[in-house]
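**Q** Under my numbering, the letters of the sequence shown match residues 1299 to 1614, in that order.
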Amino acid sequence: MPIDPVVANLLTQLPPPALIDDPVVRMQTEKATLNSIAAQLAEPYPEVANRKLVEIPVEHGTIELRIYTPPTPGPRAAYVFFFGGGFRGGSIHYDLNDGTCRERCVGADTVVVAVGYRLAPEFPFPTALNDGYTAVQWVAEHADELGVDPERLIIGGQSSGGNIAASVCLMARDQSGPRIALQLLEVAALDLTWKTQLHEYDYGYILEAPEIDQITRDLFTDPADAKSPYVSPALAEDLSHLPRAVILTSEFDLTRGSCELYARRLEEAGVSVTYTMADGQIHASPMMTKVVGAARVWRETVITALRSVSTISTTK
């Protein structure tokens, strides 16, 4: 179907993608842009009963986690969230990501753990993946302290964060790690060889082909790493025995092909999959809840998926 007319109008007003090499300037520009979008295009975010930062050890350093806890008594499900940003940008401190976590904590009555994984090019592959897996292990190991049921772990992310989430699920399976109840992937880039890239959407829809090229240059010290199942999970040889998946994509998004492939291959491997494509939407549509009706539907779809785990009672 044609692009949503509201989104089409917004595309004429939003600044074009900025390809900035200096990581400090790039992060400053990105933060200002995304915070502005959150203020103008997203509905007000709810308050959360308890929100705190913790620092955890990872290989060769530490990372921050921001933990959002609802007021209801535990134990509850835990949703480990990986923000997007092309592996080179993004932060748990951006208003947009903070607000998304608050919405999901309140809406799904779920503990949310936002992971401040380290970014390329300073920290190339597999740093973000390893940070993510360590964070999931930490949540499982500290379940009692967090008021979390370790049998109800949800791993999710948006865009590059969706890539990390899917790859962490593979790693958890392969290393007999924490048991994951659900993988929740949104506009995820699941094939970083980009063989599934939908080239008809290379330009004009926020996420553009030149940015993809820059991501590839910054993320990999060896281009062959793009073929790893832990960076291109849609191409992994074996997708059996993975968690149930909820996958959301946008029609006008060059990453959609990788999501479609991953969903199809999961089903072929016997994994339960719910796949939804938002007609007429772009990569950035989910954040525009104030002005785009499909973004509000997207939000409710995500919260429903979270509640499908958070409302389950388990016996330890």
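For glycine and all other residues, C-beta sits at the position ideal for the given N, C-alpha and C.
Note that the structure is predicted; figures quoted are calculated from it, not measured.
Determine the DSSP secondary structure at D1616, reduced to helix, strand or coil.
**A** With the chain represented from 1299 up to 1614, any question about residue 1616 goes unanswered, as that position is not in the structure.
**Q** So if DSSP puts S1548 in a beta bridge, which residue, or which two residues, is it bridged to?
**A** As a working note, residue 1548 is residue 250 in the sequence shown. BP columns for S1548 point to A1576.
**Q** Helix, strand or coil for D1447, going by three-state DSSP, please let me know.
**A** The residue given as residue 1447 occupies position 149 in the sequence shown. The answer is strand: DSSP assigns D1447 an E or B state.
**Q** Could you pull the start and end residues of the beta strand (DSSP E) that I1365 belongs to?
**A** Numbered from its first residue, the sequence shown carries residue 1365 at position 67. Looking at the DSSP string, the run of the beta strand (DSSP E) that includes I1365 is 1359-1367.
**Q** Does DSSP put A1507 in a helix, a strand or coil?
**A** Here residue 1507 refers to the residue found at position 209 of the sequence shown. Helix at A1507.
**Q** Can you name the start and end residues of the beta strand (DSSP E) that A1376 belongs to?
**A** Against the sequence shown, residue 1376 aligns to sequence position 78. Taken as a continuous stretch (DSSP letters only), the beta strand (DSSP E) holding A1376 covers 1374-1380.
**Q** In whole angstroms, what is the alpha-carbon distance linking I1478 and A1347?
**A** Locating residue 1478 in the sequence shown gives position 180, where the first residue counts as 1. Locating residue 1347 in the sequence shown gives position 49, where the first residue counts as 1. Their Cα atoms are separated by approximately 25 Å.
**Q** Just to confirm, is the Cβ distance from L1444 to I1365 under 8 Å?
**A** Along the sequence shown, one-based indexing puts residue 1444 at 146. Along the sequence shown, one-based indexing puts residue 1365 at 67. Yes. Within cutoff.
**Q** Count the C-beta pairs between the segment 1484-1502 and the segment 1553-1570 that are closer than 8 Å, then say yes if the count reaches three, no if not.
**A** yes
**Q** Name the DSSP bridge partner or partners of L1540?
**A** Along the sequence shown, one-based indexing puts residue 1540 at 242. In DSSP, L1540 forms no bridge with anything.
**Q** Need the endpoints of the beta strand (DSSP E) that I1354 sits in, please.
**A** On the sequence shown, position 56 is the one that residue 1354 refers to. 1348-1356 is the span of the beta strand (DSSP E), which, as asked, contains I1354.
**Q** Under the assumption that A1336 contacts L1394 (Cβ atoms under 8 Å), give the Cβ distance between them as a whole number of angstroms.
**A** For the purposes of this step, residue 1336 is taken as the residue at position 38 of the sequence shown. For the purposes of this step, residue 1394 is taken as the residue at position 96 of the sequence shown. Rounded to the nearest angstrom, the Cβ distance from A1336 to L1394 is 4 Å, consistent with a contact under 8 Å.
**Q** Quick one: which unbroken beta strand (DSSP E) runs of 3-plus residues sit fully inside the segment 1379-1453? Chain order, please.
**A** 1409-1414
**Q** Taking C-alpha atoms, which residue in Y1392, P1371, V1378, L1309 lies nearest to A1330?
**A** Counted from its first residue, the sequence shown places residue 1330 at position 32. Of the listed residues, the one whose Cα sits closest to A1330 is Y1392.
**Q** Can we count I1301 as close to the ligand ZN, meaning its CB is less than 7 Å from some heavy atom?
**A** Absent from the structure shown: the ligand ZN. Ligands present: none.
**Q** So what's Q1456 in DSSP terms, helix, strand or just coil?
**A** Taking the sequence shown and counting its residues from 1, one reaches residue 1456 at position 158. Q1456 falls in the strand class under three-state DSSP.
**Q** Got a sec? Which residues, its chain only, sit under 8 Å from L1427 by beta carbon, not counting five neighbours each side?
**A** As a first step, residue 1427 must be located in the sequence shown, where it is residue number 129. Result list for L1427: I1462, S1465, V1466, M1469, Y1528, V1529, in chain order.
**Q** Kindly list the residues whose CB is nearer than 7 Å to the CB of T1613, restricted to its own chain and excluding five residues on each side of it in sequence; keep chain order.
**A** Residue 1613 sits at position 315 when you count from the first residue of the sequence shown. Per-residue confidence for T1613 stands at a pLDDT of 47, beneath the threshold of 50, marking its modelled position as unreliable; the derived number appears in the next sentence. Cβ within range, chain order: n/a, list empty.
**Q** At what residues does the beta strand (DSSP E) containing E1565 begin and finish?
**A** Within the sequence shown, numbered from 1, the residue matching residue 1565 stands at position 267. Note, E1565: premise wrong, no beta strand (DSSP E); alpha helix (DSSP H) at 1554-1566.
**Q** Within the same chain, show all residues whose beta-carbon is closer than 6 Å to that of A1603, passing over the 5 residues directly before and after it, in chain order.
**A** Residue 1603 sits at position 305 when you count from the first residue of the sequence shown. Cβ neighbours of A1603 beyond the five flanking positions: L1482, V1544.
**Q** Taking the DSSP output, what are the residues bridged to V1571?
**A** Residue mapping note: residue 1571 aligns to position 273 of the sequence shown, counting from 1. Per DSSP, the beta-bridge partners of V1571 are A1543.
**Q** Mind checking if N1461 is an interface residue toward chain D, Cβ cutoff 8 Å exclusive?
**A** Included in the structure is just one protein chain, with no chain D present.
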